[in-house]
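So the structure is just underneath, and the comments pick up after that.
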Amino acid sequence: MKTPFTPFFKRADTPLTQVSRWPFAPNHPLPFVSDDATVHYVGDGCQLSYRWHDAFDVFVAVLEARFAPVDGSRLEIPIESHLYDLHLVYQLTGSSNFMPLASSQTRPVLSLLARHHMQVYAPPGNGVIHILPDGQTLHFALAVVVPKGDWVTRYPVVGNSPMEELIRSRKEMAHEYRYLGPTPSTESVLFWINRLLNTPPRSGMSLDDALNGPMVRLIKEHSDELADRHRARQLVATVRLWVADYVSSMDGSQPPPSAELSAQVFATTPRRIRELHRKFHAQKFAQFISYCRVEEAKQRLRAGESIAAVALKLGWADVPTFSKHFKKSTGQTPGHFIKETAHK
30 MKTPFTPFFK
40 RADTPLTQVS
50 RWPFAPNHPL
60 PFVSDDATVH
70 YVGDGCQLSY
80 RWHDAFDVFV
90 AVLEARFAPV
100 DGSRLEIPIE
110 SHLYDLHLVY
120 QLTGSSNFMP
130 LASSQTRPVL
140 SLLARHHMQV
150 YAPPGNGVIH
160 ILPDGQTLHF
170 ALAVVVPKGD
180 WVTRYPVVGN
190 SPMEELIRSR
200 KEMAHEYRYL
210 GPTPSTESVL
220 FWINRLLNTP
230 PRSGMSLDDA
240 LNGPMVRLIK
250 EHSDELADRH
260 RARQLVATVR
270 LWVADYVSSM
280 DGSQPPPSAE
290 LSAQVFATTP
300 RRIRELHRKF
310 HAQKFAQFIS
320 YCRVEEAKQR
330 LRAGESIAAV
340 ALKLGWADVP
350 TFSKHFKKST
360 GQTPGHFIKE
370 TAHK
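As numbered in this note's numbering, residues 30 to 373 make up the sequence shown, in order.
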């Protein structure tokens, strides 16, 4: 067996024995896969099944496992990728860690949690997958989808997103390993991966044709999702630059910046700005505004402006209110800050 994603079960860290029948009822049986593209293994406290469909246009595979109720259940299996291709990897149940071999330490370590996925451009290489089942169900399921060869050029996705950049790297940086970090799978992505995995054989239609529809939609979902995230990051970055510039030009005639004012300038909603800022910076937008105002206050105090002037120009109601915010942020009052600065 040599596929775009190949696990080597006989080299697992737990001895595995191949069996001829399903050792458990699978959650993802892949109804279009023939018996000669299925392998089953059992070992001490674990049972595995691996099914794959290696078609002309697309490779699809599911590695599924069940574990006995033993603390710390896990399994390590060497894996190999032998094609220059884009791999879409979906963690359906449990979690995975993809580790480099000792001979290729430059490759990054990747981790996937349940209901997460990642996109990887992988030149030929070897590694190890650490299988960790779900703590409650003791079940593990990982799906790998590889749109093979020139597939992505025959079904181009119009737009500009990290997904397109990753696809372009297949031609421009063919020997360079690249990936887009693990992200939560949206309901739309989960819908299309399930359509792909559960497509039954269709009379009078080649399986490649049957799979291409869900595959096209899945790539589009990835692209749209990443393009939206890319635009959201750009929006937040631009808003942050605008806030810092706005604060630096305050002279007492303008109100302090806010989510509401930012939303008016950038034609969006205050809620979106707050949510995106917290998502990408793990910080409330109001906290960032306060940080900018205090940093600007420091610069003006260093330049010799009075405490009262700084408080007025940067939008605080009075000196006590300014002093309270300044001390909360810096640990000292504006007066102590001026004295400390003067002694340096």
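Glycine included, every Cβ here is placed at the ideal spot set by N, Cα and C.
Report task. Can you give me the start and stop residues for the beta strand (DSSP E) that G210 sits inside? Result -> Within the sequence shown, the letter at position 181 stands for residue 210. Looking at the DSSP string, the run of the beta strand (DSSP E) that includes G210 is R207 to P213.
**Report entry** Residue from P363, F61, P107 and S49 with nearest C-alpha to K39
**Finding:** Here residue 39 refers to the residue found at position 10 of the sequence shown. For the residues P363, F61, P107 and S49, the minimum Cα distance to K39 belongs to P107.
**Report entry** As assigned by DSSP and simplified to three states, the class of W221
**Finding:** Within the sequence shown, residue 221 is the residue found at index 192, counting from 1. Here W221 sits in helix by DSSP.
**Report entry** Inter-residue spacing [alpha-carbon to alpha-carbon] between I336 and L121
**Finding:** Position 307 of the sequence shown, counted from the first residue, corresponds to residue 336. Position 92 of the sequence shown, counted from the first residue, corresponds to residue 121. Roughly 58 Å between the two C-alpha positions.
Query raised in the report: Between T228 and F61, what straight-line distance do the alpha-carbon atoms span, to the nearest angstrom?
Result: Taking the sequence shown and counting its residues from 1, the one referred to as residue 228 is at position 199. Taking the sequence shown and counting its residues from 1, the one referred to as residue 61 is at position 32. Rounded to the nearest angstrom, the two C-alpha atoms are 7 Å apart.
Query raised in the report: Grouping DSSP H, G and I as helix and E and B as strand, with all else coil, what is H57?
Result: Position 28 of the sequence shown, counting from 1, holds the residue named residue 57. Coil, per DSSP.
Report task. Just the C-alpha distance for H251 and S217, rounded to the nearest angstrom, thanks. Result -> Here residue 251 refers to the residue found at position 222 of the sequence shown. Here residue 217 refers to the residue found at position 188 of the sequence shown. Distance between the alpha carbons of H251 and S217 is about 9 Å.
Report task. Answer with buried or exposed for D73, where buried requires no fewer than 16 other C-beta atoms within 10 angstroms of its C-beta. Result -> One-based indexing of the sequence shown puts residue 73 at position 44. Exposed.
**Report entry** Beta-carbon proximity of V91 to L59, cut-off 9 Å
**Finding:** Taking the first residue of the sequence shown as 1, we reach residue 91 at position 62. Taking the first residue of the sequence shown as 1, we reach residue 59 at position 30. Taking 9 Å as the Cβ cut-off, V91 and L59 qualify as a contacting pair.
Requested in this report: Mark W51 as exposed unless 16 or more other C-beta atoms lie within 10 angstroms of its C-beta, in which case mark it buried.
Outcome: Here residue 51 corresponds to residue number 22 of the sequence shown, with the count starting at 1. That one is exposed.
Query raised in the report: D114: which of Q263, S78 and F34 sits nearest, CA to CA?
Result: The residue given as residue 114 occupies position 85 in the sequence shown. With distances taken between Cα atoms, D114 lies closest to F34.
Query - Sufficient close CB pairs (3 or more, under 8 Å) joining the stretch 345-353 to the stretch 309-317 - result: no
Report task. Would you kindly work out how many angstroms separate the C-alpha atoms of L247 and S232, rounded to a whole number? Result -> Here residue 247 refers to the residue found at position 218 when the sequence shown is read from its first residue. Here residue 232 refers to the residue found at position 203 when the sequence shown is read from its first residue. Rounded to the nearest angstrom, the two C-alpha atoms are 23 Å apart.
**Report entry** Endpoints, the beta strand (DSSP E) within which R144 is located
**Finding:** Residue 144 sits at position 115 when you count from the first residue of the sequence shown. Note, R144: premise wrong, no beta strand (DSSP E); not H, not E.
Query raised in the report: With DSSP run on the structure shown, which of helix, strand or coil describes G397?
Result: Any property of residue 397 remains undetermined from this structure, which presents the chain solely from 30 to 373.
Query raised in the report: Which ranges would you report for the alpha helix (DSSP H) in the stretch 269-341 if only whole runs of at least 4 residues count?
Result: 288-294, 299-310 and 314-331
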